[in-house]
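Following: one structure in structure tokens, then a few remarks.
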């Protein structure tokens, strides 16, 4: 509790000069994770969604890609954006290929690494390189760039995120205290958000100071509309920084009860035992949070998956990971059981398609996911699906681009 008070104080102090006395800050919400342990169940997509649409992405020599994970696909302004190595592929909302954006290089308006954020509306594309933030219009024309090399003599960053027009959150690559640094448009450092010192010290003790071994102790960014959320895999809290320096809006705390990681006592790298910790990224819609948790020995039914490229074959492996979602309108938290072997997420009961899990949530409340052609065709052959989905699968070959699953959320 001392930690969250400290974090809130830090952020409130940061924004005091720009907030009026009439600003109201929502209290953080407690998400009861511990109360749902052992109660995993299959959840139909219709419980959280209004409809689902399958969008095959046009396959050409310029648009071919293998797949995309969290942070690799976006849907804004009726366009679909897909990261493909150092390029950004752009499709319309029917899957037709529009253009490829590629500005690889060391000069002005160019980048050597590709981190992408598409603000609401999709009219601007933000790209962060290892040391600078670049902006392009939706056609890929260069607008501006801002270097961060002069911020604290730091030469490289793992993440840069622009919040509104005048605030940036940056995470140094060589971060000694796991801080996310907040700077304004003049490159003045105006605040820091850090993990509690006891977690940081514990990570350094466990890693024996080896570089790179505390990577999972870094803050993880995700965007909710035009606000930035920051999470840590081994901590309880989600910190939010609002658009245009309006201060913190909503904070979440995960209640792990006796299964909470104890710094100085538990090895955070453990994937067995009675410990729960956040696994992978969070996606947030207007009504829901979508999360995954490392459950250790607490998983009622471990998730059973196929190796990459081996979908539907005899060989499988299992992991003690559960998907979960939180309903912000009711306060309910649900652990989810996978609908079938090789798939996880929501059971697609509109067309009988493969399970759906978000890779992106758009500002207009669509969940975006992907399914590769091999998995889709195998699923259609082995399950009862709608005639519409069966007809779509029949038009595709294994060499085609993956299919986007676009879900309108409640």
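In our numbering, the protein residues as written are 57 to 466.
For glycine and all other residues, C-beta sits at the position ideal for the given N, C-alpha and C.
Counting only runs that start and end inside the region 308-374, the beta strand (DSSP E) elements of at least 3 residues fall at 308-311, 333-340, 344-350 and 359-361. Around residue 108, the same chain offers 101, 404, 406, 407, 409, 412, 461, 462, 463 and 464 as residues with beta carbons nearer than 8 Å, after the five sequence neighbours per side are excluded. Unbroken alpha helix (DSSP H) runs of no fewer than 4 residues, entirely contained in the region 371-405, are not found. Under DSSP, residue 134 shares a beta bridge with no residue. Here the region 411-426 makes no contact with the region 438-451; the two share fewer than three CB pairs at distances below 8 Å.
By the beta-carbon neighbour count (other beta carbons within 10 angstroms, threshold 16), residue 198 is exposed.
Taking C-beta atoms under 8 Å as the contact rule, residue 377 and residue 435 fail to qualify, at a distance of about 21 Å. Put simply, of 356, 222 and 212 the residue whose alpha carbon is nearest the alpha carbon of residue 374 is 356. Annotated three-state conformation of residue 221 is coil, per DSSP. The alpha carbon of residue 180 has as its nearest neighbour, out of 130, 162 and 95, the alpha carbon of 130.
Within the region 433-464, the alpha helix (DSSP H) runs of at least 4 residues that lie entirely inside it are, in chain order, 443-450.
Residue pairing of residue 85 in beta bridges, as defined by DSSP: 308.
In the structure shown, the three-state DSSP call for residue 104 is coil. Cβ neighbours of residue 351 within its own chain (closer than 7 Å, five residues either side excluded): 332, 376, 377 and 378. The Cβ atoms of residue 134 and residue 337 lie no closer than 8 Å to each other. With fewer than 16 other beta carbons inside 10 angstroms of its own, residue 437 counts as exposed.
Secondary structure of residue 92 (DSSP, three-state): helix. The shortest C-alpha to C-alpha distance from residue 205 to any of 239, 187, 246 and 120 is the one to 187. In terms of CA proximity to residue 148, 137 leads the group 141, 383, 137 and 88. Residues 343 of the same chain have their beta carbon placed closer than 6 Å to that of residue 384, with the five preceding and five following residues left out of the count. Residue 94 has its alpha-carbon roughly 14 Å from the corresponding atom of residue 329. A check of alpha carbon separations from residue 426 across 128, 83 and 90 identifies 128 as the nearest. Here residue 225 really is in contact with residue 277; their C-beta atoms are around 7 Å apart, less than 8 Å. When secondary structure is reduced to three states using DSSP, residue 424 falls in the strand class. Membership of residue 188 in the beta strand (DSSP E) is indicated by the continuous run 188-193. Between residue 195 and residue 163, the alpha-carbon positions lie close to 20 Å from each other. Inter-residue distance for residue 175 and residue 151 is about 20 Å (C-alpha atoms, whole angstroms). Residues 208, 210, 212, 213, 214, 235 and 237 of the same chain have their beta carbon placed closer than 8 Å to that of residue 228, with the five preceding and five following residues left out of the count.
With a cutoff of 8 Å on beta-carbon distance, residue 90 and residue 311 are scored as near each other. With 16 or more other Cβ atoms inside 10 Å of its own Cβ, residue 159 counts as buried.
A distance below 8 Å separates the beta carbons of residue 308 and residue 84. Here DSSP, grouped into helix, strand and coil, assigns residue 143 to strand. Exposed is the label assigned to residue 455, since fewer than 16 other Cβ atoms lie within 10 Å of its Cβ.
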